[in-house]
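For what it's worth, our numbering labels the leading residue of the sequence shown as 30, then goes sequentially. Presented below is the structure to which this report refers.
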Amino acid sequence: MKNIYIKTFGCAQNESDSERVKAFYAEKGDVFVDSWKEADIVIINSCVIRESAENRVYGLIDNIKKFDPKIEIILTGCLVPISKNKIKGVDKMLPIKEISFELEPLRDKTRAALITISSGCNNYCSYCIVPYSRGQEVSRKMEEILKEVDRAMEKGFEEIVLIGQNVNSYGADLNPSKPTPNPSLDKEGRTEMDKLSSVSMGKRRFHSLFPKLLEEVAKKGLKKVSFLSSNPWDFSEELIETIAKYPNVDRLLHLPFQAGDNEILKKMNRGYTRQEYLDLVKRIRKKVPEVRFSTDIIIGFPGEDEAAFEKTVEVCKEVGFEIAYINKYSPRRGTVSATLYQDEILMKEKKRRWKILNRLVNE
Ligand code: SF4
Numbered sequence: 030m031k032n033i034y035i036k037t038f039g040c041a042q043n044e045s046d047s048e049r050v051k052a053f054y055a056e057k058g059d060v061f062v063d064s065w066k067e068a069d070i071v072i073i074n075s076c077v078i079r080e081s082a083e084n085r086v087y088g089l090i091d092n093i094k095k096f097d098p099k100i101e102i103i104l105t106g107c108l109v110p111i112s113k114n115k116i117k118g119v120d121k122m123l124p125i126k127e128i129s130f131e132l133e134p135l136r137d138k139t140r141a142a143l144i145t146i147s148s149g150c151n152n153y154c155s156y157c158i159v160p161y162s163r164g165q166e167v168s169r170k171m172e173e174i175l176k177e178v179d180r181a182m183e184k185g186f187e188e189i190v191l192i193g194q195n196v197n198s199y200g201a202d203l204n205p206s207k208p209t210p211n212p213s214l215d216k217e218g219r220t221e222m223d224k225l226s227s228v229s230m231g232k233r234r235f236h237s238l239f240p241k242l243l244e245e246v247a248k249k250g251l252k253k254v255s256f257l258s259s260n261p262w263d264f265s266e267e268l269i270e271t272i273a274k275y276p277n278v279d280r281l282l283h284l285p286f287q288a289g290d291n292e293i294l295k296k297m298n299r300g301y302t303r304q305e306y307l308d309l310v311k312r313i314r315k316k317v318p319e320v321r322f323s324t325d326i327i328i329g330f331p332g333e334d335e336a337a338f339e340k341t342v343e344v345c346k347e348v349g350f351e352i353a354y355i356n357k358y359s360p361r362r363g364t365v366s367a368t369l370y371q372d373e374i375l376m377k378e379k380k381r382r383w384k385i386l387n388r389l390v391n392e
C-alpha cells in the first residue's frame, strides 16, 4: 500500500482523467494523501496548453525531488505524448490512454459528475497544441457513456458535465467510413443543415451524434446537464432544438469566439467569421430565449491591431457575455502560429487590452 498524491493541471478533461487515475490506484489498495510531502508516489497530470503551464510541471518535479529524491514521480497527461526524451526527475511516464474508461472514476462529490465523451481534436486551431498532445478526436461509445451517467446518478449526482475538446463533433469518428447519409449533400460536401445553420462553418463534414447523446442524457431527469467545450462550428440546428426541448440542459452556454476580427480568426484557423458567430448566437437566442453565454477570448494574437481589437470589444458588447476567459496570447512551441508569426504585441499592450475586456465583461 502506497501513499499517493495526485496533482492535476489544466482543464476539466484532465480533472476527469485524474478521477480515473485515482480509481486505478485505489483498486491496487493505495491511499491518497493531501500533500505531496506525505506521498510515496506523486502523479502529475500535466497540461501543455501554454508554455507557462508546462513550466509549472517542471517546477513541481524539481521541488519534489529537492525535498525528497525517494518520492517516485509518475507523469501523465498532455506532456507525455509530446515529450521526445525522458523528463529529468520523472520516474515513469504513464500515457493517459492506458487508463481505461471502464474504471469507475473516484469522483469529487463537491461538484457535478464530469463525464468524458471524447478526447482529442481535429480542428488544428493554429495556436493550439491539443491536436498534437491528445491526438485525433476519439469518441466513446454512446451506450458506455449512458451507463456511466446511470452509475453517477445511482451515486446521487444530480448534475453532469459532458466533456470533450469539441463536444459538438462527438461521434463523427465512430463510423468514419460511412458518414451519416444525407441526401442533400451538395457538391462542396455540405449538408442542408450546414447551409441552414452555419453557412460557411465548413469544417462540419459528418453528422455529429452529440444532439442525440445530449437528448438521451437530458431525458434521464437530471437536475442539470452541461457540456464543455462547444465550438461554434458543428453547432447544428438539431443541437439548438435539443437544448430548447430540455429545460434541464444548462442555459449558460460556453461558446468560445476567440477574436472579433475576420483576418485574425483566419490566422487562428477558426472555421467561422465574426458575422457567422453572431448569427449563431442569434439563432440560439431565438429558440432558447433564456440562454446566457460565456466565452474564451485570446487577445494580442499576432496582427491584432487596435482596429482588430475593437472588433472583439464590439462582439462582447453585442453578445453581452456573462463570463469571458480572456487569455493573453503567448506562442506555444510546436504550434503553427508559433512557427509562422512573430509574437509582436508587447505584454504591456496585451495587459491593457485584457483590462478593457475584463472590465467590460467580468466586472
Ligand atoms: S478546437 Fe481548437 S482550441 Fe479547441 S482543442 Fe481543438 S484545436 Fe485546440
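Idealized CB from N, CA, C, for every residue including glycine.
How would you call residue i, buried or exposed, if buried means at least 16 neighbouring beta carbons within 10 angstroms?
| i | result |
| --- | --- |
| F96 | exposed |
| D63 | exposed |
| G349 | exposed |
| D290 | buried |
| N43 | buried |
| P98 | exposed |
| Q194 | buried |
| N391 | exposed |
| S366 | buried |
| L143 | buried |
| E166 | buried |
| S81 | exposed |
| G149 | buried |
Is residue i helix, strand or coil by DSSP?
| i | result |
| --- | --- |
| M122 | strand |
| Y354 | strand |
| T37 | strand |
| R321 | strand |
| A367 | helix |
| F61 | strand |
| N195 | coil |
| E188 | strand |
| A141 | coil |
| S162 | helix |
| N387 | helix |
| N151 | coil |
| I174 | helix |
| S359 | coil |
| S237 | coil |
| S129 | coil |
Does the distance from the CB of residue i to the CB of residue j come in under 8 Å?
| i | j | result |
| --- | --- | --- |
| I78 | G39 | yes |
| N298 | C107 | no |
| Y301 | W262 | yes |
| P110 | S47 | no |
| I93 | I103 | no |
| I189 | V196 | no |
| G318 | Q371 | Per the sequence presented here, residue 318 reads as Pro, with Gly not at that position. For P318 and Q371, no; Cβs fall outside 8 Å. |
| E351 | S323 | yes |
| D203 | L243 | This sequence places Leu at residue 203; Asp is not what is there. It is not a contact, given that the beta carbons lie outside the stated cut-off. |
| D59 | I35 | no |
| A288 | L294 | yes |
| R382 | I328 | yes |
| R321 | I269 | no |
| K241 | N277 | no |
| I128 | R180 | no |
| A52 | E173 | no |
| F264 | L307 | no |
| T105 | I125 | yes |
| I158 | G363 | yes |
| I116 | A68 | no |
| S259 | L284 | yes |
Identify every run of the beta strand (DSSP E) within the region 64 to 118, keeping only runs that are complete inside it and at least 3 residues long; order them along the chain. 70 to 75 and 101 to 106
At which residue ranges does the region 251 to 326 contain complete beta strand (DSSP E) runs of 3 or more residues, listed in the order of the chain? 253 to 257 and 281 to 283
Give me the pocket residues for ligand 1, defined as CB within less than 6 Å of any heavy atom, sorted by chain position. C150, N152, Y153, C154, C157, V159, P160, Q194, N195 and N260
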